[in-house]
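Asker: Following this message is one structure expressed as structure tokens.
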Amino acid sequence: MDAATGTTIRIAAVSDLHCTKHSQGALAPLLQQAAQAADVLVMCGDLTDYGLPEEAHVLARELHGLRAPIVAVLGNHDFESGHQTEVTEILTSAGVTVLDGESVEVGGVGIAGIKGFCGGFGRYSLGPWGEAGTKAFVRETLDEALKLESALARLRTPQRLALLHYSPIRATVEGEPLEIFPFLGSSRLEEPLMRYPVSAVIHGHAHKGYPEGTMSNGVPVYNVALPLMRRLHPDGPHFRLIELPGAEA
Numbered sequence: 001m002d003a004a005t006g007t008t009i010r011i012a013a014v015s016d017l018h019c020t021k022h023s024q025g026a027l028a029p030l031l032q033q034a035a036q037a038a039d040v041l042v043m044c045g046d047l048t049d050y051g052l053p054e055e056a057h058v059l060a061r062e063l064h065g066l067r068a069p070i071v072a073v074l075g076n077h078d079f080e081s082g083h084q085t086e087v088t089e090i091l092t093s094a095g096v097t098v099l100d101g102e103s104v105e106v107g108g109v110g111i112a113g114i115k116g117f118c119g120g121f122g123r124y125s126l127g128p129w130g131e132a133g134t135k136a137f138v139r140e141t142l143d144e145a146l147k148l149e150s151a152l153a154r155l156r157t158p159q160r161l162a163l164l165h166y167s168p169i170r171a172t173v174e175g176e177p178l179e180i181f182p183f184l185g186s187s188r189l190e191e192p193l194m195r196y197p198v199s200a201v202i203h204g205h206a207h208k209g210y211p212e213g214t215m216s217n218g219v220p221v222y223n224v225a226l227p228l229m230r231r232l233h234p235d236g237p238h239f240r241l242i243e244l245p246g247a248e249a
């Protein structure tokens, strides 16, 4: 990937595109606007609606011609049909770097990405106790946190960015029904972000959540779910633009 042309790298972030088989032409204007405004475009999961290869092909066509590098993670919708590997391959062939416990450097900014998982926040986090199903549920979250820690540990850049689908903090899911908070993210995803500090965290998933919050160490967390962006900014833009120091020209 090419480095940014200055000392600041602009990152356009969006999530929850929910591309369907009938989305041809519907997403391209948004993606083009985001890519033109930034040095890199990041997408935080739920790129497709049912995780179908046909939907991924439509999204690949919507992304065609964008000049900015594209980095993404998958979301729960991208796993729905069991074709997440094929969805990843289709998007990779279209030039998207899809992260799942990996990291990449763009313009001097290191980006680590995972999907994440559920479990709840703070003292209300689900613990690995009781039935085997409960333990497996919590194990999924712990596995995702370990993948994130591994990806962060490999980064050597001064500026680091974390991409997730699920939220690592409660603040950015506020606004959603309280009953579904445990299914919107997990504090266990925050733990590796505290051990390997980042410049910012970006996620989606919480369509009715809050656009921003902070981790306990003050690092900003941004919820960039497209339905939320559209509700907050009906006239646009429907993406978040983040600026970080990048590589020297």
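For the sequence shown, this note's numbering begins at 1 and goes up steadily by one.
Just so it is clear, CB atoms sit at the ideal spot from N, CA and C, and this is done for glycine as well.
On a predicted model such as this, the values are computed, not experimentally measured, just so you know.
#1: Histidine 207: which of Gly25, Met215, Gly185 sits nearest, CA to CA?
#2: Here's the rule: buried if 16 or more other CB atoms are within 10 angstroms of the residue's CB, otherwise exposed. What is serine 216?
#3: Would you please state the rounded distance, in angstroms, between the beta carbons of leucine 74 and threonine 92? I believe it to be under 8 Å.
#4: Looking only at its own chain, which residues have a Cβ that is under 6 Å from the Cβ of asparagine 32, when we skip the five neighbours before and after it?
#5: Evaluate proline 192 with the Cβ neighbour count: other Cβ atoms within 10 Å of its Cβ, from every protein chain shown; 16 or more gives buried, anything less gives exposed.
#6: Between valine 221 and valine 201, is the Cβ-Cβ spacing less than 8 Å?
#7: Hey, how far is the Cα of leucine 164 from the Cα of leucine 52?
#8: Can the beta-carbon of aspartate 78 be found closer than 8 Å to that of histidine 205?
#9: Decide yes or no for the touch test of the segment 175-190 against the segment 14-21: beta carbon pairs closer than 8 Å, at least 3 of them.
#10: Return the chain-ordered ranges of every beta strand (DSSP E) run that is complete within the segment 185-240 and spans a minimum of 3 residues.
#11: Within 10 angstroms of its Cβ, does leucine 226 collect 16 or more other Cβ (buried), or is it exposed?
#12: By the three-class DSSP mapping on this structure, what secondary structure does threonine 5 have?
#13: Measuring alpha carbon to alpha carbon, tell me which of Lys21, Cys118, Ile9, Leu41 ends up nearest tyrosine 50.
#14: If I follow the unbroken alpha helix (DSSP H) through threonine 141, where does it start and stop?
#15: Tell me the DSSP secondary structure of isoleucine 180 in three-state form.
#16: Skipping 5 residues on each side, what residues in its chain have a beta carbon closer than 6 Å to that of threonine 134?
#17: Under 8 Å by Cβ, that's how I've got valine 40 and glycine 107 pegged, so tell me the actual separation to the nearest angstrom.
#18: Can you check the segment 48-128 for any alpha helix (DSSP H) of at least 4 residues that lies completely inside it and give the ranges in chain order?
#19: Hey, how far is the Cα of isoleucine 149 from the Cα of proline 182?
#20: Given that a residue counts as buried once 16 or more other Cβ atoms are within 10 Å of its Cβ, and exposed if not, what is alanine 132?
#21: I need the straight-line Cα distance from serine 81 to alanine 37, nearest angstrom please.
#22: Please look up how many angstroms separate the CB atoms of leucine 155 and glycine 110, rounded, as I've assumed it's under 8 Å.
#23: Using the Cα positions of alanine 249 and leucine 189, report the straight-line distance between them to the nearest angstrom.
#24: When the distance is taken between beta carbons, is glycine 130 closer than 8 Å to isoleucine 114?
#25: Return the CA-CA distance between valine 224 and leucine 232, expressed in angstroms with no decimal places.
#26: Would you kindly report the start and end of the unbroken alpha helix (DSSP H) that includes alanine 35?
Answerer: Answer, in terms of the structure:
#1: Gly185
#2: exposed
#3: That pair is no contact at about 12 Å.
#4: Strictly speaking, residue 32 in this sequence is glutamine, with asparagine absent from that position. Cβ within range, chain order: n/a, list empty.
#5: buried
#6: yes
#7: 21 Å
#8: no
#9: With the cut-off at 8 Å, the segment 175-190 and the segment 14-21 do not touch.
#10: 200-203, 212-214, 220-223
#11: Burial call: buried.
#12: With a pLDDT of 49 at threonine 5, under the threshold of 50, the modelled position of that residue is not reliable, and the figure given next carries that caveat. Reduced to three states, the DSSP call for threonine 5 is coil.
#13: Lys21
#14: For threonine 141, the enclosing alpha helix (DSSP H) stretches over residues 132-153.
#15: helix
#16: none
#17: 7 Å
#18: 53-63, 84-93
#19: The displayed chain sequence assigns glutamate, not isoleucine, to residue 149. Roughly 21 Å separates the two Cα atoms.
#20: A residue is called buried when at least 16 other Cβ atoms come within 10 angstroms of its Cβ; alanine 132 does not meet this threshold and is exposed.
#21: 33 Å
#22: For a cut-off of 8 Å, the C-beta gap from leucine 155 to glycine 110 is around 4 Å, short enough to register as a contact.
#23: Because alanine 249 carries a pLDDT of 39, less than 50, the predicted location of this residue cannot be relied on, and no value is offered for it.
#24: no
#25: 11 Å
#26: 28-37
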